[in-house]
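Number of protein chains: 2
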Amino acid sequence: MASPSVTKVALVQMRCGPEPEANFAKAVERIRDAAKRGAQIVCLPELFRSQYFCQSEDHTNFALAEEVPGHSTKALDEIARETGVVIVASLFEKRAAGVYHNTAAVIDSDGKLLGKYRKMHIPDDPSFYEKFYFTPGDLGFKAWPTRQGKIGVCVCWDQWYPEAARLPALRGAELLFYPTAIGWHPAEKEKYGAAQHSAWETMQRSHAIANGRYVAAINRVGHEAQAGGPGLECWGQSFGVAPSGEIIAKARVEQEERRMAGVNWQGEEEE
Amino acid sequence: MASPSVTKVALVQMRCGPEPEANFAKAVERIRDAAKRGAQIVCLPELFRSQYFCQSEDHTNFALAEEVPGHSTKALDEIARETGVVIVASLFEKRAAGVYHNTAAVIDSDGKLLGKYRKMHIPDDPSFYEKFYFTPGDLGFKAWPTRQGKIGVCVCWDQWYPEAARLPALRGAELLFYPTAIGWHPAEKEKYGAAQHSAWETMQRSHAIANGRYVAAINRVGHEAQAGGPGLECWGQSFGVAPSGEIIAKARVEQEERRMAGVNWQGEEEE
């Protein structure tokens with residue numbers, strides 16, 4: 001199917017609670033709602049089924065993982081078919097005993113799982129102990145020809161690497177999605193918070209400019225406490241950028257929101 | 001010699017007139033002035049010896065070219081030795097009959113020409129007809145260990161390519177210089193001017209963030225008329241960026257200025 005000239009993209013900025021099934025049900029509700037409002041592609045935040053468990057190194061968290069394809073993609077396949085939207089869903093993948101990935105599934109609007117991207121750049125910073133959980137990806141950077149346009153998907157920390165944006169763009173992706181879980185350390189927010197957020201936004205804008213592509217970053221929102229730690233203040237502000245680098249949709253810092261961005265594959269944009 | 005912990009860098013934002021010798025004399029004066037004020041490294045705008053002749057395709061402009069090393073570097077070697085500053089100078093290089101480059105010379109503070117970079121990404125846009133004049137560079141992306149710190153040099157349009165920043169950074173450059181000649185087409189300025197400038201600034205900030213390096217872009221300033229054309233409105237706004245992406249020095253839109261940036265090789269900054 002040919003891409004329509006303007007595609008409506010929904011960025012679902014979610015607050016993720018302690019109950020995976022509740023988060024999943026909320027995500028499904030948000031996808032249905034976005035579809036009703038005309039969305040053709042919907043992207044959810046990184047690891048939206050749970051709170052951001054990488055704040056600590058805890059073996060019990062491996063129980064959150066699942067196969068991909070598996071339980072979640074099967075349910076999302078049905079939602080995609082029902083609503084007719086493309087879904088980008090970030091999941092904690094159990095590949096085999098002892099081998100786990102931070103994976104994004106790309107589901108076409110007919111319900112078919114087109115494929116998956118396994119996160120390549122794995123952070124290991126305070127409160128972001130992803131190296132404890134995730135093996136770096138082995139599937140390369142891809143572009144998927146969905147029924148709503150050709151898209152690329154990277155995940156969160158890939159955002160800091162221009163190469164990660166360049167490769168799917170060179171493979172023809174016209175829009176790059178970044179499911180994200182980024183936030184402030186509460187103790188650092190006052191001193192470094194504004195600069196950290198500005199650096200993050202600047203990087204995604206630069207990927208749009210350098211590659212002449214649309215870029216969308218979809219973040220979680222709200223403070224996620226963790227026993228024994230200061231927690232993480234997810235900074236929301238999910239946004240979409242036009243190839244010019246101009247921000248065409250932006251969610252707020254502290255609220256759950258669904259932002260729509262109109263992506264004109266001919267290179268113009270509308271809110 | 002070990003790098004001092006803070007190095008003073010001067011960004012010389014110049015208006016370039018029709019007389020090459022007058023421009024050159026002005027540049028020398030600016031270098032001496034910067035040195036008096038404590039500068040240890042000075043960078044001049046792209047092709048500062050002349051107005052931006054690539055606004056048109058005109059064979060007579062090849063007469064502006066010179067050998068590198070040659071007349072200009074010989075004079076600048078002496079100024080570097082006299083003042084004790086490192087100089088980054090962008091020159092129109094005549095390599096051989098019919099082979100010309102857009103070249104940046106790196107002169108150490110003892111007057112030694114450390115080497116040169118020949119611009120790799122050659123634009124060919126309206127009023128930027130560089131492909132008529134310049135053969136793409138053949139010397140790679142380098143890092144030079146000057147007596148004031150290890151620096152990399154790219155030139156203007158390289159600014160839009162993350163790879164061009166990555167390569168000298170991977171070779172150890174702690175500060176990347178971009179001699180620049182960028183401006184608005186007068187007819188487009190109102191509609192696109194703000195977005196174009198923002199995209200330009202965003203790209204350089206992203207190079208600093210992505211590579212954890214200081215970045216400085218040194219532009220010319222003022223309207224440069226050309227017979228038969230609308231001219232080019234060089235947008236000034238030369239600036240320096242810290243590894244965090246924060247702008248630590250910025251010149252104005254319409255004035256000649258020398259801006260100093262304090263580069264702390266340990267990763268902090270001061271104006």
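Those sequence lines, one after another, are chains A and B. Using this note's numbering, the first residue of the first sequence is number 1, and each one after it goes up by one. Using this note's numbering, the first residue of the second sequence is number 1, and each one after it goes up by one. Even for Gly, the Cβ is constructed at its ideal location relative to N, Cα and C. Note that the structure is a prediction, hence the values are computed from the model and not measured.
For this session: Could you pull out every residue in the same chain whose Cβ sits closer than 8 Å to the Cβ of E254(A), ignoring the five residues on either side in sequence?
Result: In the first sequence, counting from the first residue as 1, residue 254(A) sits at position 254. Once the five neighbours on either side are set aside, the close Cβ partners of E254(A) are V221, G222, G236.
For this session: Starting from E21(B), trace the alpha helix (DSSP H) both ways and give me its first and last residue.
Result: If you number the second sequence from 1, residue 21(B) lands on position 21. Per DSSP, E21(B) belongs to the alpha helix (DSSP H) from 20-36.
Exercise. Are the C-beta atoms of R205(B) and some chain A residue less than 7 Å apart?
Worked result: Position 205 of the second sequence holds residue 205(B). So, interface residue.
Exercise. With a cut-off of 7 Å, does the C-beta of I209(B) fall near any C-beta of chain A?
Worked result: Looking up residue 209(B) in the second sequence gives position 209. Judged by the 7 Å Cβ criterion, I209(B) is in contact with chain A.
For this session: Spell out whether any CB of chain A is found under 7 Å from the CB atom of G267(B).
Result: Taking the first residue of the second sequence as position 1, residue 267(B) is located at position 267. Note that G267(B) scores a pLDDT of 43, beneath 50, so its modelled location is shaky and nothing firm can be said.
Exercise. What does T202(B) reach in chain A if we use C-beta pairs closer than 8 Å?
Worked result: Numbered from 1 along the second sequence, position 202 holds the residue referred to as residue 202(B). Simply T202, R205, S206, I209, G245.
For this session: Whole angstroms is fine: what's the gap from E190(A)'s alpha carbon to R252(A)'s?
Result: To locate residue 190(A), count along the first sequence from 1; it is residue 190. To locate residue 252(A), count along the first sequence from 1; it is residue 252. Spanning the two alpha carbons is a distance of roughly 18 Å.
For this session: Taking only the alpha-carbon atoms, compute the straight-line gap between G38(B) and K8(B) and give it to the nearest angstrom.
Result: The count along the second sequence starts at 1 and reaches residue 38(B) at position 38. The count along the second sequence starts at 1 and reaches residue 8(B) at position 8. So the two alpha carbons sit approximately 7 Å from each other.
Exercise. Can you find a C-beta in chain A that's less than 7 Å from the C-beta of A249(B)?
Worked result: For the purposes of this step, residue 249(B) is taken as the residue at position 249 of the second sequence. Taking Cβ atoms only, chain A never reaches closer than 7 Å to A249(B), which makes this a no.
Problem set entry | Own chain, CB closer than 6 Å to I79(B), minus 5 neighbours either side, in chain order | Here the question's residue 79(B) lines up with position 79 in the second sequence. Cβ neighbours of I79(B) beyond the five flanking positions: V28, I31.
Exercise. Under the rule that 16 or more other beta-carbon atoms within 10 Å means buried, what is D77(A), buried or exposed?
Worked result: Your numbering for residue 77(A) matches position 77 in the first sequence. When all chains shown are included, D77(A) counts as buried.
For this session: Spell out the partners DSSP gives D158(B) in its beta bridges.
Result: Along the second sequence, one-based indexing puts residue 158(B) at 158. None; D158(B) has no bridge partner.
Problem set entry | Per DSSP, the bridge partner or partners of L113(B) | Locating residue 113(B) in the second sequence gives position 113, where the first residue counts as 1. Partner(s): I107(B).
Problem set entry | Identity of the residue in A75(B), Y214(B), G149(B) nearest P243(B) by Cα | Translated into positions along the second sequence, residue 243(B) becomes position 243. Looking at the Cα atoms, Y214(B) is the closest of the given residues.
Exercise. When DSSP labels each residue in this structure, what does P179(A) get in the three-state scheme?
Worked result: The residue given as residue 179(A) occupies position 179 in the first sequence. Residue state, collapsed to three classes: strand.
For this session: Output, in sequence order along the chain, the residues in the region 153-172 of chain A whose CB is closer than 9 Å to any CB in chain B.
Result: W160, Y161, P162, E163, A165, R166
For this session: Alpha carbon to alpha carbon, how far is T180(A) from H121(B)? Give it in angstroms, no decimals.
Result: Here residue 121(B) refers to the residue found at position 121 when the second sequence is read from its first residue. Here residue 180(A) refers to the residue found at position 180 when the first sequence is read from its first residue. H121(B) and T180(A): Cα-Cα distance of roughly 33 Å.
Exercise. Shorter than 7 Å from the beta carbon of M1(B) to some beta carbon of chain A?
Worked result: Residue numbering aside, residue 1(B) sits at position 1 when the second sequence is read from its first letter. For M1(B), the predicted model reports a pLDDT of 43, less than 50, meaning its position is unreliable and no value from the coordinates is stated.
For this session: Would you list, in chain order, the members of the region 88-105 of chain B that have their beta-carbon closer than 9 Å to a beta-carbon of chain A?
Result: none
For this session: Can you give me the Cβ contacts of E256(A) inside the same chain, cut-off strictly under 7 Å, excluding the 5 residues immediately before and after it?
Result: Along the first sequence, read from residue 1 onward, the residue named residue 256(A) stands at position 256. Hits under 7 Å: Q13, M14, R15, V221.
Problem set entry | Below-7 Å beta-carbon distance, A217(A) vs any chain B residue | Walking along the first sequence from the start, residue 217(A) turns up at place 217. No - not a single Cβ of chain B is within 7 Å of the one on A217(A).
Exercise. Does any CB atom of chain B fall closer than 7 Å to the CB of A195(A)?
Worked result: The residue labelled residue 195(A) in the question sits at position 195 within the first sequence. For A195(A), the answer is yes, since a Cβ of chain B falls inside 7 Å of its Cβ.
For this session: Spell out a yes or no on whether the region 151-158 of chain A and the region 190-201 of chain A are touching, meaning 3 or more CB-CB pairs, one atom from each, closer than 8 Å.
Result: no
Exercise. Can at least three beta-carbon pairs, one atom from the region 170-178 of chain A and one from the region 125-135 of chain A, be found at a separation below 8 Å?
Worked result: no
For this session: With a 10 Å radius around its C-beta and 16 neighbouring C-beta atoms as the bar for buried, classify G98(A) as buried or exposed.
Result: The residue given as residue 98(A) occupies position 98 in the first sequence. Exposed, by the Cβ-count rule.
For this session: Starting from H197(A), follow the alpha helix (DSSP H) in both directions and report where the run begins and ends.
Result: Position 197 of the first sequence, counting from 1, holds the residue named residue 197(A). From DSSP, the alpha helix (DSSP H) with H197(A) extends over 189-211.
Problem set entry | Contacts of S198(A) in chain B (Cβ-Cβ under 8 Å) | As a position in the first sequence, residue 198(A) is number 198, starting the count at 1. Going along chain B in sequence order, the residues near S198(A) (Cβ under 8 Å) are G245, E246.
For this session: With a floor of 4 residues, list each alpha helix (DSSP H) that falls wholly inside the region 49-95 of chain A, ordered by position along the chain.
Result: 71-83
Problem set entry | Buried versus exposed call for G137(A) [16 or more other C-beta atoms within 10 Å across all chains shown] | For this step, residue 137(A) is matched to residue 137 along the first sequence. Looking at its Cβ environment, which holds 16 or more other Cβ atoms inside 10 Å, G137(A) is buried.
Exercise. Should the region 225-232 of chain B be regarded as contacting the region 226-241 of chain A, the criterion being three or more beta carbon pairs within less than 8 Å?
Worked result: no
Exercise. Given A2(A), which residues of its chain have a CB within under 6 Å of its CB, disregarding the five upstream and five downstream residues?
Worked result: To locate residue 2(A), count along the first sequence from 1; it is residue 2. Note on A2(A): pLDDT 44, under 50, position unreliable in the model; no value is reported.
Exercise. Expressed to the nearest angstrom, what Euclidean distance is found between the alpha-carbon atoms of H71(A) and A63(A)?
Worked result: Your numbering for residue 71(A) matches position 71 in the first sequence. Your numbering for residue 63(A) matches position 63 in the first sequence. H71(A) and A63(A): Cα-Cα distance of roughly 14 Å.
For this session: Return the residue from the list L167(A), G212(A), I248(A), R81(A) that minimises the CA-CA distance to D108(A).
Result: For the purposes of this step, residue 108(A) is taken as the residue at position 108 of the first sequence. Here the closest residue by C-alpha is R81(A).
Exercise. Grouping DSSP H, G and I as helix and E and B as strand, with all else coil, what is T7(B)?
Worked result: In the second sequence, the residue the question calls residue 7(B) occupies position 7. Strand at T7(B).
Exercise. Do you know how far the Cα of E57(A) is from the Cα of I182(B)?
Worked result: Along the second sequence, read from residue 1 onward, the residue named residue 182(B) stands at position 182. Along the first sequence, read from residue 1 onward, the residue named residue 57(A) stands at position 57. For I182(B) and E57(A), the distance between alpha carbons rounds to 49 Å.
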